[in-house]
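Contents: one structure, followed by commentary.
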């Protein structure tokens, strides 16, 4: 039995829990302190929280798995991050200012306050929670694969996911975003070291970078270009646009924006995050090398781990397993916390009406465990690819973008009915495409079509309802 990897993996979990306990000390955990850190995080913590979206189990396993199974189209992962960070330079400062001015703690709060509509806030909260579940599921599926493979089968995937969900829920309930921020420091140091090592060592194992790509191109002509399996240039552009615009529409990413001390944080981060993302190239290199090291895998998500097992000693496999656990804990805790906050603050409080802050805080923490349980059930009964789960979630949350953009830069162009109609139509299209399993429509990502129609509906309905409102005001004045 390989004991070293198991000891290292569980040691990593213990360290993460210790950080959660230490970060919790001497802090009065109000809902604001628990969910947005009292709005006191500086450049480093906000950088690491937002960078948590780059280095997750999705990129660790899904990115390398896509390089292994799909080839050239994997480059979309690099492209959409660059689009998102460019957008953040202009979009996030006004979001932060508005949130600070009105003391907001969740994404639906923003829409609720902007349009003076608790029902719009409830709609955004419901869609947000629905979108978080497949994303969180992708993290837990990845974590289960990492632990099972890194432990050489000693710990079954379902057991690993179950333990992880319990640890994660306890972790979030105890420390909120403070524990996540401190663990993010450990995670990024570990994952950067591991990714660079395997991203260089695996290609060198097959003869070097030039030899690796030459062999792949000889064995699979066209594999390293766009166009395979319908993933051509139209798919690439539409998917980059969809995911780039939807990047900060995730409730947990949106909420992380509120944690900053000042708006300059976002402009500084927008400069460095695209460079930081280039480390993902090493993940792709590892996936490409795995094609030659361990060909013919049916589960492409396992490509990196199986290749590492064949090349590295057991103790290093354990370090990779520990790093993989951290890539699930940091974004996973943000997602669980966001889901709990959304349900308590933006569904429970508006419906109940007279709930006290203490009651809302209790509901938020209870909902963390409920969402964790639901995610666990989905994780052990689904074999969906990690990338597919993430893209499904992106299709949902990106439907917030048209209303958000217009509410910040052209507030008069969007009305309350227009915001409702756009989001509802966009989400309905996503549900239809998901149920009918249509990921492509005329060569474009189906979620992009939903986003485009959403934008049009927002503008048309807003224009029509503004005209009605003006006529009503004029009639009332004349009478």
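Numbering (our numbering), first residue to last: -19 to 459. Quick reminder that beta carbons are idealized off the backbone N, C-alpha and C, glycines included.
Figure out for me which residue from 144, 210, -16 has the closest Cα to the Cα of residue 52. 210
How many Å lie between residue 426 and residue 225 at the Cα? 15 Å
Does DSSP put residue 335 in a helix, in a strand, or in coil? coil
Measure from the alpha carbon of residue 215 to the alpha carbon of each residue in 146, 97, 79, 419, then state which is nearest. 419
Which first and last residues belong to the alpha helix (DSSP H) in which residue 267 is found? 260 to 273
What does DSSP give as the partner residues of residue 421 in its beta bridges? 424
With burial defined as no fewer than 16 other Cβ atoms inside 10 Å of the residue's Cβ, what is the status of residue 323: buried or exposed? buried
Strictly under 8 Å for the Cβ-Cβ distance: is residue 431 near chain B by that measure? Considering every chain present, this structure includes no chain B. It has just one protein chain.
DSSP bridge partner residues for residue -16 (one or two, in chain order): Residue -16 pairs with nothing; no bridge assigned.
Here's a check: name, in chain order, each residue in its chain whose Cβ is nearer than 6 Å to the Cβ of residue 296, leaving out the five neighbours to either side. none
Burial state of residue 415, where buried means 16 or more other Cβ atoms lie within 10 Å: exposed
Cβ-based neighbour list, residue 440, same chain, cut-off 7 Å, excluding 5 preceding and 5 following: none
Please list the terminal residues of the continuous alpha helix (DSSP H) segment that includes residue 119. 98 to 130
Can you tell me whether residue 412 is buried or exposed, with buried defined as 16 or more other CB within 10 angstroms of its CB? exposed
Report the rounded CA-to-CA distance for residue 417 versus residue 205, giving the unit in angstroms. 25 Å
Determine the contact status of residue 44 and residue 325, defining contact as a CB-CB distance below 8 Å. no
From the DSSP output, in three-state form, read off residue 240 for me. strand
Which same chain residues end up closer than 7 Å to residue 352 when comparing Cβ atoms and leaving out the 5 residues on each side of it in sequence? 145, 148, 149, 316
By a C-beta neighbour count over all protein chains shown, 10 Å radius and 16 as the cutoff for buried, is residue 275 buried or exposed? exposed
Buried or exposed, going by whether 16 or more other CB atoms sit within 10 Å of the CB of residue 450? Only weak support exists for where residue 450 lies, its pLDDT of 48 falling under 50; the coordinates are left without a value.
Taking contact to mean 3 or more Cβ pairs, one atom from each stretch, closer than 8 Å, check whether the region 393 to 404 and the region 94 to 101 are in contact. yes
Length at least 3, wholly inside the region 53 to 80: the beta strand (DSSP E) runs in chain order: none
Buried or exposed: which applies to residue 455, given that a residue is buried once 16 or more other Cβ atoms fall within 10 Å of its Cβ? Residue confidence is low: residue 455 scores 46 on pLDDT, short of 50, so the model does not pin down where it sits. No coordinate-derived value is stated.
Would you decide whether residue 329 is buried or exposed? Buried here means 16 or more other CB atoms lie within 10 Å of its CB. buried
By Cβ distance below 6 Å, which residues in the same chain neighbour residue 303 in space, the five residues on each side in sequence not counted? 170, 171, 174
Would you be able to state if there are at least three C-beta pairs under 8 Å between the region 374 to 386 and the region 429 to 440? yes
Of the residues 385, 176, 258, the one placed nearest residue 403, counting alpha carbons only: 385
Roughly how many whole angstroms lie between the Cα atoms of residue 434 and residue 410? 11 Å
Do you know offhand how far residue 424's Cα is from residue 306's? 34 Å
Given that a residue counts as buried once 16 or more other Cβ atoms are within 10 Å of its Cβ, and exposed if not, what is residue 284? buried
When you compare the region 242 to 261 with the region 61 to 73, are there three or more beta-carbon pairs, one atom per stretch, that lie closer than 8 Å? yes
Distance CB(residue 111)-CB(residue -14) smaller than 8 Å: no
Can you tell me whether residue 404 is helix, strand or coil according to DSSP? helix
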